[in-house]
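For reference, the structure is listed below as structure tokens.
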Amino acid sequence: MGNFRFGKHGWRVCTVFVFLISYFLSLTSPASGVYFSCSTGGEKTVALTFDDGPHPVYTREILGILEQYGIRATFFCIGCNAGQYPEIVREIAAAGHEIGNHTYGHPNLGCAAYEGARAEILEMENALPADVETRPRLFRPPGGMYCDEVCRAAADLDYSVILWSVDTRDWAHTAVEDIAENVLTNTEAGDIILFHDYVSGDSPTPEALRRILPELIERGFSFCTVGEMIGK
Ligand SMILES: [Zn+2]
2 MGNFRFGKHG WRVCTVFVFL ISYFLSLTSP ASGVYFSCST GGEKTVALTF
52 DDGPHPVYTR EILGILEQYG IRATFFCIGC NAGQYPEIVR EIAAAGHEIG
102 NHTYGHPNLG CAAYEGARAE ILEMENALPA DVETRPRLFR PPGGMYCDEV
152 CRAAADLDYS VILWSVDTRD WAHTAVEDIA ENVLTNTEAG DIILFHDYVS
202 GDSPTPEALR RILPELIERG FSFCTVGEMI GK
């Protein structure tokens, strides 16, 4: 077999592999409170999600685009960024968007212990500005990596675990046209679509949204937060 090394793309392949294993395990023995997508009862509704922010530039740009189309979305913030940009957290909440918990420091929780996962969730909550009244109820483990202990910690804190069913791969600086084609080809009712409002370097996300959103609206899709979609 030769030596297997984590080369340039090795960790991404590993992430995808673990994600697929998690996904198929979830199909055969679904962990309670873990969502990749959600039945919408025939409604042509999808949920847009934005991870890793707030970002001092891109989050506001995305908020402006969502406002233009009257769309509310779910922002899975990282606690350390929320602490750095509290005013943007307030703007997200004031615009009617949902704030989800994406840990404090974005660790890999694939093999996490209960207490470690619990601490990350609570530390993120504590990093939110005190005047943002709504406590998050949705938790997205970084990279989609989780284990039973993470689910147990999240459930004990009254969180649902939210993954995704459409990955834009915007975090990898995927070309705008490829993001748009991927989303427009694969999006179906009930999908949870993964974007990032925090991308290091140049982000393709705002421009991709400008291409994707009018087309989805033209096709009859409507949008809701993940909390609304799962009834939480
Ligand atoms: Zn993330």
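Heads up: the sequence shown begins at 2 in the working numbering, then just goes up one per residue.
Cβ atoms here follow ideal geometry from the backbone N, Cα and C, with glycine treated the same way.
How would you call residue i, buried or exposed, if buried means at least 16 neighbouring beta carbons within 10 angstroms?
i: glycine 221; result: exposed
i: alanine 95; result: exposed
i: proline 31; result: Low confidence applies to proline 31: its pLDDT is 41, below 50, so where it sits in the model is not reliable enough to give any reading.
i: histidine 174; result: exposed
i: alanine 114; result: exposed
i: valine 58; result: exposed
i: proline 215; result: exposed
Quick one: does the C-beta of residue i sit closer than 6 angstroms to a heavy atom of ligand 1?
i: proline 130; result: no
i: proline 143; result: yes
Apart from the five residues just before and just after residue i, which ones in its own chain have a Cβ nearer than 8 angstroms to its Cβ?
i: threonine 226; result: Ala48, Arg73, Ala74, Thr75, His98 and Glu99
i: leucine 28; result: Any answer about leucine 28 is weak, because its pLDDT of 45 lies below 50 and its placement is not dependable; what the coordinates show is given next. Cβ within range, chain order: n/a, list empty.
i: threonine 50; result: Ala74, Thr75, Phe76, Phe77, Gly101, Arg141, Ile163, Trp165, Ile193, Ile194, Leu195, Phe196 and Val227
Among residues of its own chain, excluding the 5 on either side of residue i, which ones have a beta-carbon nearer than 6 angstroms to its beta-carbon?
i: glutamate 229; result: none
i: aspartate 53; result: Ile79, His197 and Tyr199
i: valine 177; result: Pro205, Glu208 and Ala209
In the DSSP assignment, find the unbroken beta strand (DSSP E) run with residue i in it and report its ends.
i: valine 162; result: 161-163
i: threonine 206; result: Here threonine 206 belongs to no beta strand (DSSP E); instead the alpha helix (DSSP H) covers 206-219.
i: leucine 129; result: Taken as a continuous stretch (DSSP letters only), leucine 129 belongs to no beta strand (DSSP E), as it is neither H nor E.
i: aspartate 234; result: What is shown of the chain runs 2 to 233, which leaves residue 234 out entirely.
i: glutamate 99; result: 99-102
i: threonine 75; result: 75-78
i: leucine 67; result: That residue, leucine 67, is in no beta strand (DSSP E); its alpha helix (DSSP H) goes 59-70.
i: leucine 195; result: 193-197
Just to confirm, does residue i get its C-beta within under 6 angstroms of one of the non-hydrogen atoms of ligand 2?
i: aspartate 52; result: Ligands in the displayed structure: ligand 1; ligand 2 is not one of them.
Could you tell me which of the options sits nearest to residue i, measuring between CA atoms?
i: alanine 131; options: Phe51, Ile180 and Gly84; result: Gly84
i: aspartate 159; options: Arg136, His174 and Gly145; result: Arg136
i: valine 151; options: Glu126, Ala118, Asp171 and Lys45; result: Ala118
i: glycine 232; options: Asp179, Thr104, Glu216 and Ser161; result: Ser161
i: cysteine 112; options: Asn127, Leu139 and Pro143; result: Pro143
i: methionine 127; options: Asp179, Tyr147 and Gly106; result: Looking at the sequence provided, one finds asparagine at residue 127 rather than methionine. Of Asp179, Tyr147 and Gly106, the residue nearest in Cα terms is Gly106.
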